[in-house]
Each structure stands twice: as structure tokens, then as C-alpha cells.
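Participant:
Residue numbers (my numbering): 11 to 405.
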């Protein structure tokens, strides 16, 4: 029997991120305006079944001369190629069909067409081969008779075809497991974090925002960790009730048997034993101390994470801005290695716009298709996803 819930294929990652945010920031104490906005907006976002979305990831890297020199020109070229990646997709979450195009450097890198549960994935990698060819040319990675270039190896493996067809198992069990995890985290927020307000979530126009800077991180971890420790009994009781309520089908989605579930439930009592609570308190104090250590605070000073989910009309916008500073100049790290790595920073910005569609049916490639089983480089991973085998050799 298959899950009756719509399979949130295209929105699983953002939905889980939001669910985790709800549980761990507890943006909600359940009576605040921002908490209600977060919960209600997330539920509305997750309820879409036929979806059109687009977005991208941008990476801005500032490196000191010392780090740049050590990375070398090849790494610099590679990072430059992937500084900005964008995508567009249409998907039917119930029928598990979809069409996703991924662009990098202004041209299409990959194309993925999904043909329903237990069907096939069609992957177009012409753009990836072109990028590999450009990278080889830019870095002077010349081939030899014994070691042909990766781009030529991949092109030879396709034998003139544009699409690789992967026959995949029905992954409805795996998707159902992720849905259950999202349900557990959302319930955790409602049942355990009802009286906690992190103070870091605020209502904004059309939605909510969560932002923490590194300077605030120690206080945030102390506040959140302290609340969790004070409410371990609530956490254990909620988790027990959740596990006891799982059907046989749901346990299978989690990879559990009835005996395994019962063992976990029994071990939860040990988890909240007084001696263990003392251990958790000591570990929390140590973590906060490390975060606030002056040398560590200097290295990561100015770093932050900023998450937003908003809605305008029918369009949802999910955004993340993450800045990681690595200010090594004058730190003990440089003294330890005998090298001044200077000041560096990495910033990732992600955004997605998603809106419901009336209907969607993908156009399945009818020609220029080769089965993955007829290639050397292309296979299906243990997790059931298409992958390239980097150790294969085309004869």
C-alpha cells in the first residue's frame, strides 16, 4: 500500500529545512505572531502538488593571496565555473513526474526528466561534457594516449546520444520516510517547544525571517540547549508517542521493525537518566565556551545565517544567505602552521520562487536515448539515484 499523502518531491529539501528550523529555533512559542506565520506558511507551501519553481545558488569567495596560491589555478578555474548555478523546474508531486534544467556559467549544465514512480529518469549531460571540455582547455589539462580527457571519455560512452535512461526502483518508501521526519519535527515544535521563544524569528512582510550572527551564536546555543535540557522528559514522551503510533508501513519507511522500535523506546528512558543530564549540561557549557573563545570569535566574527520564507500572491519565495568569515590574520591558527592564511570569506546565497500549476505532463525523450546499463560511466547509486562512476574506463 502506498502513502496517501502527496509526495513532496520538489519541495522536500526546503520543507525539511523549514521543519528543522521550526524544531530547533522553536521560533515558535506557539502563541507568537511570527510562529503562527511560520507554521501556517510552511504548511501552505508544502501543500502544493503541481509546482513550477525556479531559483539558484550564488557563491562569492574572497581569498587571501596565501590561500589563492596554495589552491592553484585549477581550483580557481573550477570555483569560477560554479560561482552561480540556477535551475528551473516543473513537477507533479502526486504522480512523481518532473522536468528540471540546471544552468551554470550561463548555459545548461544538466537536464533531468522524471517519468513517474518506478519509472525512469532521463538525464541530459551535454552541457556537463562541454563544461568539462572547457575546464580542460582552460587549465591545460592535456590528454595523452594512455589517459584521454574526461570529456572525451564521457562523449565516447554516450555514442552520439543526448540522453541517458536510468531505470529506477519505486522510491515511494524513501519519500514517505522523509515526510514522516518532517511531520515529527513539526510535531516536536508544537509539543515540546511550546513555551520557548528564541527571539531570533520575526514576522516580515508576507512571511518570516530567522537570522543569527556569530556574535549571537553563543547566547542562542545556550538558550536553546538550556531549554532542551529542561524539557528532556517532554521530548522523550513525545518521541515515544510518535514511535508507538507508527503503522507497520510507516516503520518500514523509517527502516524500523517492531522489535527495533521497542528497543529505541526502552533506550529513551536511559537517555533522560540524571547522570546523563549532567553530562549534557557539561557538554553544552563546553560548546558555548568554545564559541565564545576570543581567538575563535575573531576567526568567525561577522559570520551569519539569514533564512526567509515569504508569499506574494500565489508565489512563495524561500531564501537563504550564509556568510562564513575565516579571519586567520594574526590568529593562533597561523602560528600553529607557521603560515599567515590572511582574511577569507565564503558567502552562499540561495533563492527559490515556487507557485502552483493547474497541471503538468513532462515530455519524455523519444530519441537519442541510451540505457545506463549499456554504458561504462553511468550507473545507479545505492540510494537509487543516477551517478557517474569516476573509476570507469571506456575501452
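All C-beta atoms in this analysis are idealised placements derived from N, C-alpha and C, irrespective of residue type, glycine included.
Because the structure is a prediction, the values reported are computed rather than measured.
Thinking C-beta only, is residue 231 closer than 8 Å to residue 298?
Facilitator: yes
Participant: Going by C-alpha distance, which of 339, 65, 137 is nearest residue 165?
Facilitator: Minimum Cα distance to residue 165 is reached at 137.
Participant: With the cut-off set at 8 Å, would you say residue 81 and residue 145 are in Cβ contact?
Facilitator: A distance of 8 Å or more separates the beta carbons of residue 81 and residue 145.
Participant: DSSP state of residue 80, grouped into three classes?
Facilitator: helix
Participant: Cβ of residue 287 within 8 Å of Cβ of residue 242?
Facilitator: The beta carbons of residue 287 and residue 242 sit closer together than 8 Å.
Participant: Determine the extent of the alpha helix (DSSP H) in which residue 293 is found, giving its start and end residues.
Facilitator: 284-302
Participant: Would you kindly report the start and end of the unbroken beta strand (DSSP E) that includes residue 390?
Facilitator: From DSSP, the beta strand (DSSP E) with residue 390 extends over 388-390.
Participant: Contact check, residue 111 vs residue 98 under 8 Å by CB: the rounded distance?
Facilitator: 5 Å
Participant: To which residues does DSSP link residue 120 through a beta bridge?
Facilitator: 112
Participant: Three-state secondary structure (DSSP) at residue 232?
Facilitator: helix
Participant: Once you ignore the five residues that flank residue 311 on each side, which residues in its own chain have a CB closer than 8 Å to its CB?
Facilitator: 224, 225, 335, 337
Participant: So for residue 93, helix, strand or coil by DSSP?
Facilitator: coil
Participant: Going by C-alpha distance, which of 352, 398, 367 is nearest residue 75?
Facilitator: 352
Participant: Just the C-alpha distance for residue 284 and residue 213, rounded to the nearest angstrom, thanks.
Facilitator: 38 Å
Participant: In its own chain, which residues sit with a C-beta less than 6 Å from the C-beta of residue 235, not counting the 5 before and 5 after it?
Facilitator: 294
Participant: Are the beta-carbon atoms of residue 77 and residue 370 separated by less than 8 Å?
Facilitator: no
Participant: Can you tell me whether DSSP reads residue 138 as helix, strand or coil?
Facilitator: helix
Participant: Beta carbon of residue 206, beta carbon of residue 221: below 8 Å?
Facilitator: no
Participant: CB residue 91 to CB residue 65, shorter than 8 Å?
Facilitator: Taking 8 Å as the Cβ cut-off, residue 91 and residue 65 do not qualify as a contacting pair.
Participant: Going by DSSP, name the residue or residues bridged to residue 254.
Facilitator: According to DSSP, which records beta bridges pairwise, residue 254 is partnered with nothing at all.
Participant: Spatial neighbours of residue 373 within its chain, please: CB distance less than 8 Å, with the 5 preceding and 5 following residues excluded, ordered by chain position.
Facilitator: 109, 123
Participant: Which of the three DSSP states is assigned to residue 15 in this structure?
Facilitator: With a pLDDT of only 38 at residue 15, under the threshold of 50, the placement of this residue in the model should not be trusted; the figure read from the coordinates follows. DSSP places residue 15 in coil when its eight states are reduced to three.
Participant: Assign residue 50 to buried or exposed, taking buried as 16 or more other Cβ atoms, counted over all protein chains shown, within 10 Å of its Cβ.
Facilitator: exposed
Participant: Using a Cβ-Cβ cut-off of 7 Å (strictly less than) and excluding sequence neighbours within five positions of residue 314, which residues of its own chain qualify?
Facilitator: 221, 222, 223, 224, 333
Participant: Where do the ends of the alpha helix (DSSP H) carrying residue 357 lie?
Facilitator: Here residue 357 belongs to no alpha helix (DSSP H); instead the beta strand (DSSP E) covers 353-366.
Participant: Starting from residue 168, trace the alpha helix (DSSP H) in both directions and tell me its first and last residue.
Facilitator: 160-168
Participant: Find out if the Cβ-Cβ distance for the pair residue 189, residue 316 is shorter than 8 Å.
Facilitator: No, the Cβ-Cβ distance between residue 189 and residue 316 is not below 8 Å.
Participant: Does the Cβ of residue 215 have 16 or more other Cβ atoms within 10 Å, making it buried, or fewer, making it exposed?
Facilitator: exposed
Participant: Please list, in chain order, all residues of the same chain as residue 378 whose beta carbon is under 7 Å from its beta carbon, the five residues on each side excluded.
Facilitator: Within its own chain, the residues whose Cβ lies closer than 7 Å to the Cβ of residue 378, once the five positions on either side in sequence are excluded, are 171, 172, 173, listed in chain order.
Participant: Starting from the C-beta of residue 412, find all residues in its chain whose C-beta is less than 8 Å away, skip the five residues before and the five after it, and write them out in chain order.
Facilitator: Since the first residue shown for the chain is 11 and the last is 405, residue 412 is missing from the structure and cannot be characterised.
Participant: Consult DSSP for residue 261 and reduce its assignment to one of helix, strand or coil.
Facilitator: helix
Participant: Give the DSSP-derived three-state secondary structure of residue 72 in the structure shown.
Facilitator: strand
Participant: Please look up how many angstroms separate the CB atoms of residue 375 and residue 132, rounded, as I've assumed it's under 8 Å.
Facilitator: 5 Å
Participant: Short of 8 Å in beta carbon distance, which residues of its chain neighbour residue 244, apart from the five on each side in sequence? Order them along the chain.
Facilitator: 201, 202
Participant: What distance in whole Å lies between the Cβ atoms of residue 364 and residue 326, which are believed to be in contact at a cut-off of 8 Å?
Facilitator: The pair is a contact, with the Cβ atoms about 5 Å apart (cut-off 8 Å).
Participant: From the DSSP output, read off the bridge partner residues of residue 377.
Facilitator: According to DSSP, residue 377 bridges with nothing at all.
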